[in-house]
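So the sequence shown is residues 369 to 927, counted in my numbering. What follows is a set of notes on a single structure, which appears directly below.
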Amino acid sequence: MEDIKVFLKDNYDNAIKLKERFKITENKEWDAITVLAELNVQLGHFSYLISKHKNYGENGRNINDFGDELSDVVLQLISLCWKLDLDFQNYDYNYSYIKFENVAEAILSFNTVYGQVSEKVLEIKDYRHYKIRYGYAKEEDFLYFNIARLFEIVFSIAYDLDLKLSDEFKKMILDASKFLDNYEKRKTPKFYPVVDVHATWLVLNPIQGCPKQCKYCFLKERGLNRIQPITLVSPEKAVDLLLSSKFYIEDMPLCLFSQTDAFSTVDNIEYLKQLIEILMEREIKNPIVFITKCKIPEDFIDFIDKYEKQGHSFLFFLSYSGLDKDIELGVNKKIIENNFIRLSEKGKKIIHYWRPFIPQNSKKEDVKKIYNFVKKYCIASVAIGLKTTDDIIDNIEWDALKDNRKEALQSDNVWNKEAYDYLWNDLANNKDYPIFQTTSCALGYALGQPDRKFFYNTDICINCNNCPTVQRNRCKEKYDNFKFPEKKYIVSLIEKIGKNIDIDKIDFINRTVVIKDLELNFNEISFLTEKLGIKIVVAKKENDYYWNTSINNATILKI
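Following this line, the structure appears as structure tokens:
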């Protein structure tokens with residue numbers, strides 16, 4: 369067994385420095401009581417690894433390293449000494465190896481001593497009545513002796529598991545330091561506007577931030593993933609902001625909570641219900657869209673029934689790519705699959721959001737498996753590649769993506785070539801199930817409307833989208849009856865978003881509006897595109913927070 373005194377001499381101060389750094393993650397000051405609670409948490413993690421009863425695990429938790437979990441236990445023991453002002457690293461104790469029948473017996477022994485230590489700390493902090501303990505010259509001697517026994521048990525366990533805790537502990541400190549470095553960078557979230565307009569829909573985001581940790585998530589670089597969702601305004605205020613927004617369009621699909629997952633927490637779901645009730649009370653008729661990877665409760669499905677019966681439209685975009693939890697941390701594929709089944713049984717409109725396609729989910733058999741499952745339940749699939757930022761590129765294990773960084777950042781989205789070719793050259797030829805590259809086309813089909821943008825008869829429409837005949841006929845009728853909008857109307861829309869333009873700077877070329885000598889943010893381009901139902905060519909402002917799309921003429925990159 370390792371020499372515990374040497375270990376403490378080498379690691380004690382570094383452990384306390386690490387705990388000091390963790391203050392940036394804590395909303396309240398920790399004391400000995402909270403450390404005891406955290407010690408119990410870490411012991412639970414280790415016990416989970418030892419236990420044969422894996423059904424007691426917690427979904428989405430990455431608990432799989434014996435050395436890391438034992439190191440966490442040691443960290444909390446040192447932290448407890450620190451919070452109790454014990455000079456433990458200089459405590460003279462004759463440590464020795466303890467032979468247990470198995471690790472489970474060792475954990476029970478640890479719990480026995482841990483309970484005695486906890487009882488004494490609760491007495492010191494006036495949570496329990498005082499109890500005389502015989503055989504100790506001073507009361508603190510009881511704590512010194514029993515904490516030493518806890519160290520002795522932990523190091524005996526490590527020895528039996530053939531772990532060198534000095535090495536494991538240093539690795540844990542390094543990993544924790546990296547986590548804290550990243551946490552400091554994203555400590556102050558950069559929020560998106562509460563009301564905005566994206567390529568396909570209006571968005572209303574009074575709550576932002578997601579507890580999940582998908583590696584391809586655009587929220588990461590703004591400090592909005594791996595956090596408890598943050599409420600920015602009340603439901604009432606959110607609706608007021610929506611209706612007063614310069615971007616509000618009465619019949620445009622409205623996506624709720626695109627900068628969180630609406631169903632990721634109980635609080636999110638409760639807020640969502642309140643928000644929908646207010647939207648309905650205010651007689652807002654926009655079709656409502658939800659995007660989720662989380663479990664949709666039965667009572668929420670029943671909740672929207674009454675509003676559907678009143679003529680309101682709700683669409684569920686279920687994001688399901690087949691990626692494993694090492695990429696979609698905190699996401700449970702079985703829960704997503706169950707959403708498809710339950711929503712379908714209740715007659716809800718489901719669109720499968722199939723994204724992204726990266727090497728880990730792009731093999732032919734992986735794509736076919738997803739396709740065969742979702743087509744049983746969905747109106748259609750929307751298949752989209754990876755939206756990129758520098759942070760996303762750095763975070764994804766895909767060498768070809770890094771090699772093509774510049775082109776990826778300029779593209780609409782990036783596809784694994786194998787998946788792209790199989791999906792669009794093979795699966796999309798099956799006319800029994802619609803697959804779209806363009807989300808607005810799928811929405812139009814689901815709502816029984818022609819595409820609200822300009823995709824009919826384009827390359828995507830002709831050569832990619834597997835679009836039912838009934839939908840193509842809707843779009844063709846709109847296309848055949850096309851008329852250019854009046855230039856005065858375009859000027860009025862540009863003025864509505866706070867810009868000025870001379871009418872002679874507007875030209876019409878091949879069903880396209882060309883606007884010269886003007887720079888717009890993407891949300892402004894999307895607003896104009898939606899209002900006019902026509903392609904717009906205009907300069908896009910640099911450093912816009914919104915990614916590229918086909919709306920601003922970006923194209924797909926296949927690698």
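We put the CB at the ideal spot given by N, CA and C, even for glycine.
**Asked** Straight-line CA distance for I384 to A400?
**Response** Locating residue 384 in the sequence shown gives position 16, counting from the first residue. Locating residue 400 in the sequence shown gives position 32, counting from the first residue. One C-alpha to the other measures close to 13 Å.
**Request:** Could you tell me which of Y416, V442, N868 sits nearest to A472, measuring between CA atoms?
**Result:** As a working note, residue 472 is residue 104 in the sequence shown. With distances taken between Cα atoms, A472 lies closest to Y416.
**Item:** Validate contact between the region 857–871 and the region 908–916 using beta carbons, cut 8 Å, 3 pairs
**Value:** no
**Asked** Would V403 be called buried (16 or more neighbouring beta carbons within 10 Å of its own) or exposed?
**Response** Taking the first residue of the sequence shown as position 1, residue 403 is located at position 35. Classification for V403: buried.
**Request:** Could you name the residues of the same chain whose beta carbon sits closer than 8 Å to that of N636, not counting the 5 residues immediately before and after it, in chain order?
**Result:** If you number the sequence shown from 1, residue 636 lands on position 268. Closer than 8 Å at the Cβ level, and outside the excluded window around N636, lie I575, P597, F625, T628, D629, A630.
**Message:** Looking only at its chain, what residues have a beta carbon closer than 6 Å to the beta carbon of L452, apart from the 5 residues adjacent to it on each side?
**Reply:** Within the sequence shown, numbered from 1, the residue matching residue 452 stands at position 84. These residues qualify, in order along the chain: A400.
**Message:** Judging by CA-CA distance, which residue of M620, E397, L697, F390 is the nearest neighbour of Y551?
**Reply:** Working through the sequence shown from its first residue, we reach residue 551 at position 183. Of the listed residues, the one whose Cα sits closest to Y551 is F390.
**Request:** Give the DSSP-derived three-state secondary structure of D875 in the structure shown.
**Result:** As a position in the sequence shown, residue 875 is number 507, starting the count at 1. D875: strand per DSSP, three-state reduction.
**Item:** Ranges of the beta strand (DSSP E) found wholly within the region 538–604, counting only runs of at least 3
**Value:** 563–565, 570–572
**Prompt:** By DSSP, does E765 sit in helix, in strand, or in coil?
**Reply:** Within the sequence shown, the letter at position 397 stands for residue 765. Coil.
**Asked** Just checking my contact of K546 with F510 at CB under 8 Å: how many whole Å lie between their CB atoms?
**Response** Your numbering for residue 546 matches position 178 in the sequence shown. Your numbering for residue 510 matches position 142 in the sequence shown. So it is not a contact: roughly 38 Å between Cβ atoms.
**Request:** Tell me whether F804 sits in a helix, a strand or coil according to DSSP, three-state version.
**Result:** Stepping through the sequence shown from its first residue, residue 804 is reached at position 436. F804 falls in the strand class under three-state DSSP.
**First through last residue of the alpha helix (DSSP H) which encompasses A673** = Reading the sequence shown from its first residue, position 305 is the one you call residue 673. Contrary to the premise, residue 673 reads as Asp rather than Ala in this sequence. It spans 666–677 - the alpha helix (DSSP H) in which D673 sits, taken as one unbroken run.
**Prompt:** Grouping DSSP H, G and I as helix and E and B as strand, with all else coil, what is K743?
**Reply:** On the sequence shown, position 375 is the one that residue 743 refers to. Here K743 sits in coil by DSSP.
**Asked** With a CB to CB cut of under 8 Å and the five nearest residues on each side skipped, what residues in its chain are close to R650?
**Response** The sequence position of residue 650 within the sequence shown is 282, counting from 1. Excluding sequence neighbours, R650 sits near V607, L611.
**Request:** Could you spell out the range, first to last residue, of the alpha helix (DSSP H) harbouring S632?
**Result:** What you label residue 632 is simply residue 264 of the sequence shown in a count that begins at 1. Unbroken run through S632: none, as it is neither H nor E.
**Message:** To the nearest angstrom, how far is the alpha carbon of Q410 from that of E437?
**Reply:** Residue numbering aside, residue 410 sits at position 42 when the sequence shown is read from its first letter. Residue numbering aside, residue 437 sits at position 69 when the sequence shown is read from its first letter. Near 6 Å, if we compare the C-alpha coordinates of E437 and Q410.
**Request:** Measure the beta-carbon distance from D564 to F615 and round it to whole angstroms, keeping in mind my assumption that it falls under 8 Å.
**Result:** Position 196 of the sequence shown holds residue 564. Position 247 of the sequence shown holds residue 615. D564 to F615, Cβ: 7 Å. Contact.
**Prompt:** Could you give the distance in angstroms between the alpha-carbon of K908 and the alpha-carbon of D885?
**Reply:** The residue you call residue 908 lines up with position 540 of the sequence shown. The residue you call residue 885 lines up with position 517 of the sequence shown. In a straight line, the C-alpha of K908 is about 11 Å away from that of D885.
**Request:** Output the distance between the C-alpha atoms of D848 and K588, rounded to the nearest integer angstrom.
**Result:** Reading the sequence shown from its first residue, position 480 is the one you call residue 848. Reading the sequence shown from its first residue, position 220 is the one you call residue 588. Distance between the alpha carbons of D848 and K588: 44 Å.
**Request:** For the beta strand (DSSP E) holding F682, just list the boundary residues, first then last.
**Result:** As a working note, residue 682 is residue 314 in the sequence shown. It spans 682–687 - the beta strand (DSSP E) in which F682 sits, taken as one unbroken run.
**Asked** Where does F658 fall in DSSP's three states?
**Response** Reading the sequence shown from its first residue, position 290 is the one you call residue 658. In the structure shown, F658 sits in a strand (DSSP, three-state: E or B).
**Message:** For a quick check, are the C-beta atoms of G577 and P557 less than 8 Å apart?
**Reply:** Within the sequence shown, the letter at position 209 stands for residue 577. Within the sequence shown, the letter at position 189 stands for residue 557. Yes.
**Prompt:** Can you name, in chain order, every residue of its own chain whose Cβ lies under 6 Å from the Cβ of D819, other than the five neighbours on each side?
**Reply:** Position 451 of the sequence shown, counting from 1, holds the residue named residue 819. Same-chain partners within the cutoff: S808, C809, G812, C843.
**T880 - DSSP class collapsed to helix/strand/coil** = Numbered from its first residue, the sequence shown carries residue 880 at position 512. If DSSP states are grouped into helix, strand and coil, T880 belongs with the strands.
**Request:** Use the C-beta contact count for N825: other C-beta atoms within 10 angstroms, 16 or more gives buried, fewer gives exposed.
**Result:** The residue labelled residue 825 in the question sits at position 457 within the sequence shown. N825 comes out exposed.
**Asked** With DSSP run on the structure shown, which of helix, strand or coil describes C835?
**Response** The residue given as residue 835 occupies position 467 in the sequence shown. Of the three classes helix, strand and coil, the one that applies to C835 here is coil, per DSSP.
**Item:** Beta-bridge pairing of Y721 - partner residues as DSSP gives them
**Value:** If you number the sequence shown from 1, residue 721 lands on position 353. Y721 pairs with S687, V750.
**Item:** V905 versus V881 - alpha carbon distance
**Value:** Counting from one through the sequence shown, the residue named residue 905 turns up at place 537. Counting from one through the sequence shown, the residue named residue 881 turns up at place 513. Taking the straight line from one Cα to the other gives about 6 Å.
**Message:** Taking the alpha helix (DSSP H) that I862 belongs to, which residues open and close that run?
**Reply:** The residue given as residue 862 occupies position 494 in the sequence shown. Start and end: 855–864.
**Request:** Would you tell me roughly how many angstroms separate the C-alpha atoms of C623 and E705, rounded to the nearest one?
**Result:** Sequence index remark: in the sequence shown, residue 623 carries index 255 (1-based). Sequence index remark: in the sequence shown, residue 705 carries index 337 (1-based). Whole-angstrom Cα-Cα distance: 22 Å.
**Prompt:** How big is the Cα-Cα spacing for L777 and L925?
**Reply:** What you label residue 777 is simply residue 409 of the sequence shown in a count that begins at 1. What you label residue 925 is simply residue 557 of the sequence shown in a count that begins at 1. One C-alpha to the other measures close to 10 Å.
**Request:** Measuring alpha carbon to alpha carbon, tell me which of Y857, L445, L769 ends up nearest D758.
**Result:** Here residue 758 refers to the residue found at position 390 of the sequence shown. Minimum Cα distance to D758 is reached at L769.
**Message:** Using CA atoms only, rank isn't needed, just tell me which of E536, K732, L570 is closest to D619.
**Reply:** Locating residue 619 in the sequence shown gives position 251, counting from the first residue. Nearest C-alpha to D619: L570.
**Asked** Using the beta-carbon count (16 or more within 10 Å), is E507 buried or exposed?
**Response** Start at 1 with the first residue of the sequence shown, and residue 507 comes out as number 139. So E507 counts as exposed.
**Item:** Beta carbon of L600 nearer than 8 Å to that of F559
**Value:** Working through the sequence shown from its first residue, we reach residue 600 at position 232. Working through the sequence shown from its first residue, we reach residue 559 at position 191. Yes, these two residues count as a Cβ contact at 8 Å.
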